[in-house]
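Chemist: Take 764 as the starting number for the sequence shown in our numbering and just add one per residue.
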Amino acid sequence: MATEEARTVQEAYPMMGGDGLYSYAKNSTQQRKATDSAKELIKKAIAEKLSKEILQSSKTFRIADLGCSVGPNTFFAAQNILEAVESKYKSEGLIPDFQVFFSDHTSNDFNLLFTSLPQDLRYYAAGVPGSFHGRLFPKNSLHFVHSSYAIHWLSRAPKEVVNKNSPAWNKGRIHYSNSGDEVVLAYKAQYDKDMQQFLQARAQEIVYGGLMVLIVPGIPNGTHHSQSLPSMNLELLGYCLMDLARKGMVSEEKVDSFNLPIYNMSPQELEAAVERNGCFSLEGVEYLPLVVPNVSGESKINGQVLASHLRAAMEGIIKQHFGEEILDLIFDSYRKKIEENSSIFNFGKAVHFFIILKRISKNQLS
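Shown next, in the form of structure tokens:
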């Protein structure tokens, strides 16, 4: 039975569904390249870190992809994991069944996801709607959890940043880039809370000896948020909204009451969260190639490609708050600003990192 925490309604703004011009399915090449880059790392992690006791005690190997969106990237990730586990089972003379759970918010386009399933499936597929900030699965039911480009999304924006009476009121901004310390601390506190909920839920769901792999768009250790590429990028989006407010197309109050529930963590911050939780051992951290979405590998920044990728991720949350009428204006303005400020890709700091965690009992910690 689901816990009360899991039943709590979370803010939910999934990636753009369908197969249209701005759909996530057509605008997630950066995520696909990260999945491809992680393939050998996953294979190595499973070969070296996955407990042999799991292979001997279960005839069905259960995999979950959290924040799966609509595909096709989630299918590539599932196949990479399956092949690596299958290879390890065969070395033990065993042949398991595989079950893959695709999980995302309830408003995710699961219809598109399941109509897009590969025809030559080698696993039993199931959808699990809900927020990964709470429990999604029965205790000790999962052997491998995967999540890519998802855990930087918070369960909600901090309440303080949209409260006029709070020292952390983030007036005129939609994110913590170049905001005061109070705003940054409010976001950090929300991240700390959400990450502990995430890890505690997974600790209950993953069997001892099971693995969790997280692919995270973040910032280098020691980087000030104002110098990070993700923050610079979202700051440009905020400028677009403020421009519309100055033109009277949206109210300033509407902008002031909108903050993105995103926190781009450093590897050290995630490692510290894992240590505080105490239910996982950190088995490795690797850095993936940082790729900017573009067209045909051209060196010049293509603003339309970047705007389409951002729209695939952000349209839902912006539409919910501001309405549909200004969407084209916002992202066309962003296209122009990103082309005018393309130098941020030269000096803005960012990392995409791959972290391997193994479920342990707390008395196994050294």
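All residues carry an ideal CB built from backbone N, CA and C; glycine is no exception. Nothing here was measured: the structure is a model prediction, and the numbers come from that model.
Taking the beta carbon of E1061 as the centre, do at least 16 other beta carbons fall within 10 Å, making it buried, or is it exposed?
Modeler: The residue labelled residue 1061 in the question sits at position 298 within the sequence shown. Here the model assigns E1061 a pLDDT of 49, short of 50, so the residue's position is not dependable, and the following value carries that caveat. So E1061 ends up on the exposed side.
Chemist: Taking one C-beta from the segment 988 to 996 and one from the segment 1096 to 1114 each time, how about it: are there three or more such pairs within less than 8 Å?
Modeler: Yes, they touch.
Chemist: Roughly how many angstroms lie between the CA atoms of A920 and Y950, to the nearest whole one?
Modeler: Residue 920 sits at position 157 when you count from the first residue of the sequence shown. Residue 950 sits at position 187 when you count from the first residue of the sequence shown. Distance between the alpha carbons of A920 and Y950 is about 7 Å.
Chemist: Would you kindly check if the distance between the Cβ of F1021 and the Cβ of L1120 is under 8 Å?
Modeler: Start at 1 with the first residue of the sequence shown, and residue 1120 comes out as number 357. Start at 1 with the first residue of the sequence shown, and residue 1021 comes out as number 258. It is not a contact, given that the beta carbons lie outside the stated cut-off.
Chemist: For L905 and I969, I'd like the C-alpha separation in whole angstroms.
Modeler: In the sequence shown, the residue the question calls residue 905 occupies position 142. In the sequence shown, the residue the question calls residue 969 occupies position 206. C-alpha separation (whole angstroms): 5 Å.
Chemist: Evaluate the contact criterion for the segment 968 to 983 versus the segment 1071 to 1080: three or more CB pairs, one atom per stretch, below 8 Å.
Modeler: Segments in contact, no.
Chemist: Label K815 either buried or exposed according to how many other C-beta atoms from any shown protein chain fall within 10 Å of its C-beta, with 16 as the threshold for buried.
Modeler: Here residue 815 refers to the residue found at position 52 when the sequence shown is read from its first residue. Exposed, since its Cβ has fewer than 16 Cβ neighbours within 10 Å.
Chemist: On the criterion of 16 or more Cβ atoms from any shown chain inside 10 Å, does V1058 qualify as buried, or is it exposed?
Modeler: Taking the sequence shown and counting its residues from 1, the one referred to as residue 1058 is at position 295. Because the pLDDT of V1058 is 40, which lies under 50, any placement of that residue in the model is unreliable, and the number read from its coordinates should be weighed accordingly. Exposed, by the Cβ-count rule.
Chemist: State the start and end residues of the unbroken beta strand (DSSP E) segment that holds T755.
Modeler: Residue 755 lies beyond the range of the chain shown here (764 to 1129); nothing can be said about it.
Chemist: Determine contact between the segment 856 to 875 and the segment 885 to 902, defined as no fewer than three beta-carbon pairs at a distance below 8 Å.
Modeler: Contact between the segment 856 to 875 and the segment 885 to 902 is present, because at least three Cβ pairs lie under 8 Å.
Chemist: How would you label A1076, buried or exposed, when you count the other beta carbons within 10 angstroms and need 16 or more for buried?
Modeler: Within the sequence shown, numbered from 1, the residue matching residue 1076 stands at position 313. The residue is buried, with at least 16 neighbouring Cβ atoms inside 10 Å.
Chemist: Hey, quick one: how far does the beta strand (DSSP E) through P980 stretch, first residue to last?
Modeler: Taking the first residue of the sequence shown as 1, we reach residue 980 at position 217. Run containing P980: I969 to G981, per the beta strand (DSSP E) assignment.
Chemist: For Q1067, count neighbouring C-beta atoms within 10 Å of its own C-beta (all shown protein chains included) and say buried if the count is 16 or more, exposed if not.
Modeler: The count along the sequence shown starts at 1 and reaches residue 1067 at position 304. Flag for Q1067 reads exposed.
Chemist: Quick one, are the C-beta atoms of I844 and I817 less than 8 Å apart?
Modeler: The residue labelled residue 844 in the question sits at position 81 within the sequence shown. The residue labelled residue 817 in the question sits at position 54 within the sequence shown. Cβ distance not < 8 Å, so I844 and I817 don't count as in contact.
Chemist: Exposed or buried, A810, counting other C-beta atoms within 10 Å across all chains shown (16 or more means buried)?
Modeler: In the sequence shown, residue 810 corresponds to position 47, counting from 1. The residue is exposed, with fewer than 16 neighbouring Cβ atoms inside 10 Å.
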